[in-house]
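Here is the structure we will look at, set down as structure tokens.
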Amino acid sequence: MEQKYNTSMLVTEIARLREFCKREGEIVTYSKGEQMEREGEPALWFAYVECGCFKYLTRGVSDGKEHITWFSFEGEFVADYPNVLFGRPSQASIQAMMSSRVWRVSGDCLKDFFNRSAETKDIRALIGEHMLNQFKARYQDLHRTTPRERYELLMQRCPGIVNALPLNAIASFLNVTPKTISMMRRDITFNQ
Numbered sequence: 139m140e141q142k143y144n145t146s147m148l149v150t151e152i153a154r155l156r157e158f159c160k161r162e163g164e165i166v167t168y169s170k171g172e173q174m175e176r177e178g179e180p181a182l183w184f185a186y187v188e189c190g191c192f193k194y195l196t197r198g199v200s201d202g203k204e205h206i207t208w209f210s211f212e213g214e215f216v217a218d219y220p221n222v223l224f225g226r227p228s229q230a231s232i233q234a235m236m237s238s239r240v241w242r243v244s245g246d247c248l249k250d251f252f253n254r255s256a257e258t259k260d261i262r263a264l265i266g267e268h269m270l271n272q273f274k275a276r277y278q279d280l281h282r283t284t285p286r287e288r289y290e291l292l293m294q295r296c297p298g299i300v301n302a303l304p305l306n307a308i309a310s311f312l313n314v315t316p317k318t319i320s321m322m323r324r325d326i327t328f329n330q
């Protein structure tokens, strides 16, 4: 989701990876609610989101409730990376939040692509570093920001998210209740 990491090299390599998905992959449409991956089952797919949106869900250990940990939007990649490279169990279920179309390749196909040359191995390293930076920023945000600051950061990063996702999905991602989101929205609207 965090697309502010725009070094020219990363942008170029992401474009190469997107073109690889289109050239080697298949176009697949997921209906709203359909899962691309299931938590605990082998991760199989790496895809470029042509249109739509996916959420990453995991179940709480003690309460069994679903928690949204990530989103992938149009123009981004969707996968349980790096588990997909090795067919390891997915650490999240990945589910379409609306009708979504992707260019999808298997984990084995992606791994073969990365092993083709030193250049493609560099792409693998850049993608891994980019994802690490995204997850690190998300983790730090959960610890160093208030719920309102997290909400405002999300609105800056993904301005259209409030139109695309239900309130409870945003609340789950921000690790707050839907009531907290409602109160923040009201406060922002009337007390700016």
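Okay, so the sequence shown: first residue is 139 according to the numbering used here, each after it adds one. Yeah, the Cβ is synthetic: ideal placement off N, Cα and C, and Gly gets one too.
In summary, residue 222 is buried, with 16 or more beta-carbon neighbours lying within 10 Å of its beta-carbon over all protein chains present. For residue 241, the closest of 295, 166, 170 by C-alpha to C-alpha distance is 166.
Every beta strand (DSSP E) of 3 residues or more that sits fully in the segment 183 to 270 is shown, in chain order, as 183 to 189, 191 to 197, 204 to 211, 215 to 217, 231 to 234, 238 to 244.
When Cβ pairs closer than 8 Å are counted between the two stretches, the segment 151 to 165 is seen to touch the segment 185 to 198, the count reaching three or more. Between residue 299 and residue 249, the alpha-carbon positions lie close to 32 Å from each other.
Cβ-Cβ separation between residue 195 and residue 231: approximately 5 Å, consistent with a contact (criterion under 8 Å). Linking residue 177 to residue 171 through their CA atoms gives a straight-line distance of about 15 Å. Per the C-alpha coordinates, the member of 328, 294, 285, 292 positioned closest to residue 318 is 285. Going by DSSP, residue 314 is part of no beta strand (DSSP E) at all; its letter is neither H nor E. Here DSSP, grouped into helix, strand and coil, assigns residue 167 to strand. Taking C-alpha positions only, residue 325 is separated from residue 201 by approximately 31 Å.
Residue pairing by DSSP places residue 173 opposite 233 in a beta bridge.
Using a 10 angstroms sphere on the CB of residue 190, the tally of other CB atoms reaches 16 or more, which defines it as buried.
When secondary structure is reduced to three states using DSSP, residue 285 falls in the helix class. By DSSP's assignment, residue 180 forms a beta bridge with 227. It is roughly 32 Å from the alpha-carbon of residue 283 to the alpha-carbon of residue 261.
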